[in-house]
Amino acid sequence: MSWLISVIGVGYVGLCTSLGFTAKSYKTTIYDNDKSKLNLLRNGLSPFFEPNLEKYLQDAKQNKLFVIANRLKEAINTTNLTFIAVGTPSKKNGTINLKYIKQATKQIGKALKTKKTYHLIVIKSTVTPGTTVNIVKPLLQEYSNKKCGQDFGLCMNPEFLSEGTAINDTLNPYQIIIGENDKKSGDALEAFYKQLHQNTVPIIRTNLSTAELIKYANNAFLATKISYINTIANICEKIPRADVQTVAKAIGLDNRISPKFLRAGLGYGGSCFPKDLQALIVFSKQKNYKPTLLEATQKVNNQQINHTINLIKKTLGSLSNKTIAILGLSFKPHTNDMREARSTPIIKQLLNQGAKIKVYDPKALPNAKQIFKNQITYAKSAKQCITNTDCTLIVTEWPEFKKLQPPDFIKHMKQPILIDARRIYDPQKFTKNMKYLAIGLGKQ
Ligand code: UGA
304 MSWLISVIGV GYVGLCTSLG FTAKSYKTTI YDNDKSKLNL LRNGLSPFFE
354 PNLEKYLQDA KQNKLFVIAN RLKEAINTTN LTFIAVGTPS KKNGTINLKY
404 IKQATKQIGK ALKTKKTYHL IVIKSTVTPG TTVNIVKPLL QEYSNKKCGQ
454 DFGLCMNPEF LSEGTAINDT LNPYQIIIGE NDKKSGDALE AFYKQLHQNT
504 VPIIRTNLST AELIKYANNA FLATKISYIN TIANICEKIP RADVQTVAKA
554 IGLDNRISPK FLRAGLGYGG SCFPKDLQAL IVFSKQKNYK PTLLEATQKV
604 NNQQINHTIN LIKKTLGSLS NKTIAILGLS FKPHTNDMRE ARSTPIIKQL
654 LNQGAKIKVY DPKALPNAKQ IFKNQITYAK SAKQCITNTD CTLIVTEWPE
704 FKKLQPPDFI KHMKQPILID ARRIYDPQKF TKNMKYLAIG LGKQ
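Numbers in the working numbering are just positions in the sequence shown, counted from 1, shifted up by 303.
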């Protein structure tokens, strides 16, 4: 079968998934209700920063594989496989907002009404268990006046890409999860992925709700691993000369544990872990189950903020009128994304306690300016940021910060106090002529 793909929603997941398809020579038609995003893409520009993304976009356009539809109906009429990748943001109570899913589903249903041929609809967005079967399926049937499993197919196929490595993750997934409404839908999507990845990627087939839960279970596990190592890090700080990095390295060699996601520090941020964990907690409670472990994961993550501020206070005393340099603002390196970034609550608390804040980030300064306006000072480089400050705090582990050496801090700062909240420096080198404190490091 020849696949003509459409992707509805060109946020992170939608755009990176589309460019993964075009990179493998599959023509892909995209559509988004936000016309400003479509206009940027028409000009070859990405709505967000992601390494290499604009190059993939350029190639796709040059090869005439990337089609921008003006209307959703056009995207459905010209293709036979549609991925829904619209956003599912959090509501105030932590549940996910299905507004965009419902909107897209209704529009797709209407477009399917006049289609004569079989069309497979696939949910890529992260949605809580039951959403596809209880909300998407009835809406598609109602608006198309067609029968799911017969006239059109329906699958749930969660995405596991990470920001910063998104395109590569799409091109080389370690597994593919297919939640299927019926065998025909599952067979069709499996055939597509087998062709796309030349049969090299393990495929797990299951029902719609289990596929939805797998996505949450995956993110919740990784978040729990981070809170676990942060707990061990906080214990290390109570033990003279103990170091969480050595602990992580050692336990990571046990292949039942693995070394990944054992980097202790300020905790997790971003648009996925905090939102997904919260949604799973609320979902469980709505089903009358209190997920104690997940709540603890969240609590430990929140506590890392105060824990870090206490490290600063331990060396500086009162923060009133002290100038603190913040290196790194994005929720992780190689992105300009500041959603749920740890930098935001840290800066807010430091400001509340009377500190003056100077910040630098290689990519996220424009986003930071929108949040903090003139409350803080924006530096043009890491060295400019640390100059004349009382304390430097590493919030995001950008590679360029790793190049700073002890003499840089000693020469430029008022007093060389460095709080390494992402463990990017070698304590041996940094504890000699300056004050170096780090998460997970016992007194040296
Ligand atoms: C995460 C998952 O890793 C992806 O598999 C998933 O597809 C994605 O969410 C999603 O649901 O869309 P992402 O949010 O891009 O991807 O970022 P991660 O690399 O997972 O990092 C998340 C946060 O955890 C960052 O703030 C990072 O600094 C922190 N982290 C990560 C640690 O504090 N320690 C670690 O060892 C690893």
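Cβ atoms here follow ideal geometry from the backbone N, Cα and C, with glycine treated the same way.
{"Query": "Sub-8 Å separation of residue 565 and residue 542 beta-carbons", "Result": "no"}
{"Query": "Any non-hydrogen atom of ligand 1 within 7 Å of residue 580 CB", "Result": "no"}
{"Query": "Local conformation of residue 352 per DSSP, three classes", "Result": "coil"}
{"Query": "Coarse secondary structure for residue 728, derived from DSSP in three states", "Result": "coil"}
{"Query": "Same chain, Cβ closer than 8 Å to residue 474, five either side skipped, listed in chain order", "Result": "323, 326 and 327"}
{"Query": "Residue 750 - partner residues in DSSP beta bridges", "Result": "With the chain represented from 304 up to 747, any question about residue 750 goes unanswered, as that position is not in the structure."}
{"Query": "Whether residue 455 touches residue 476 by CB criterion (8 Å)", "Result": "no"}
{"Query": "Enclosing alpha helix (DSSP H) for residue 694 [first to last residue]", "Result": "Unbroken run through residue 694 is the beta strand (DSSP E), 694-697; no alpha helix (DSSP H)."}
{"Query": "C-beta atoms of residue 694 and residue 650 nearer than 8 Å", "Result": "no"}
{"Query": "Local conformation of residue 369 per DSSP, three classes", "Result": "strand"}
{"Query": "Where residue 319 sits in the DSSP three-state scheme", "Result": "helix"}
{"Query": "8 Å Cβ cutoff met for residue 698 and residue 629", "Result": "yes"}
{"Query": "Contact test: residue 358 Cβ vs ligand 1 heavy atom, cutoff 7 Å", "Result": "no"}
{"Query": "Meets three-Cβ-pair contact criterion under 8 Å: the stretch 498-514 and the stretch 389-396", "Result": "no"}
{"Query": "Any non-hydrogen atom of ligand 3 closer than 7 Å to residue 429 Cβ", "Result": "As for ligand 3, it is missing from this structure, which binds only ligand 1."}
{"Query": "Which of helix, strand or coil DSSP assigns to residue 398", "Result": "coil"}
{"Query": "Contact the stretch 330-345 vs the stretch 604-620: 3+ CB pairs below 8 Å", "Result": "no"}
{"Query": "Beta-carbon proximity check, residue 658 vs residue 632, cutoff 8 Å", "Result": "no"}
{"Query": "At least three beta-carbon pairs within less than 8 Å, the stretch 438-447 to the stretch 344-351", "Result": "no"}
{"Query": "Alpha-carbon to alpha-carbon, residue 373 and residue 435", "Result": "26 Å"}
{"Query": "Simplified DSSP state of residue 742, which is helix, strand or coil", "Result": "coil"}
{"Query": "Neighbour-count burial assignment, residue 669, 16 or more Cβ in a 10 Å radius", "Result": "exposed"}
{"Query": "Inter-residue Cα distance where the pair is residue 495 and residue 362", "Result": "22 Å"}
{"Query": "Proximity winner among 701, 711 and 644, relative to residue 605 (alpha-carbon distances)", "Result": "644"}
{"Query": "Residue range of the unbroken beta strand (DSSP E) whose run includes residue 291", "Result": "What is shown of the chain runs 304 to 747, which leaves residue 291 out entirely."}
{"Query": "Beta-bridge pairing of residue 510 - partner residues as DSSP gives them", "Result": "483"}
{"Query": "Where residue 443 falls: helix, strand or coil (DSSP)", "Result": "helix"}
{"Query": "Alpha helix (DSSP H) segment containing residue 438, residue limits", "Result": "Residue 438 -> no alpha helix (DSSP H), and no H or E assigned at all."}
{"Query": "Residue from 568, 595 and 513 with nearest C-alpha to residue 728", "Result": "568"}
{"Query": "Simplified DSSP assignment, three categories, for residue 628", "Result": "strand"}
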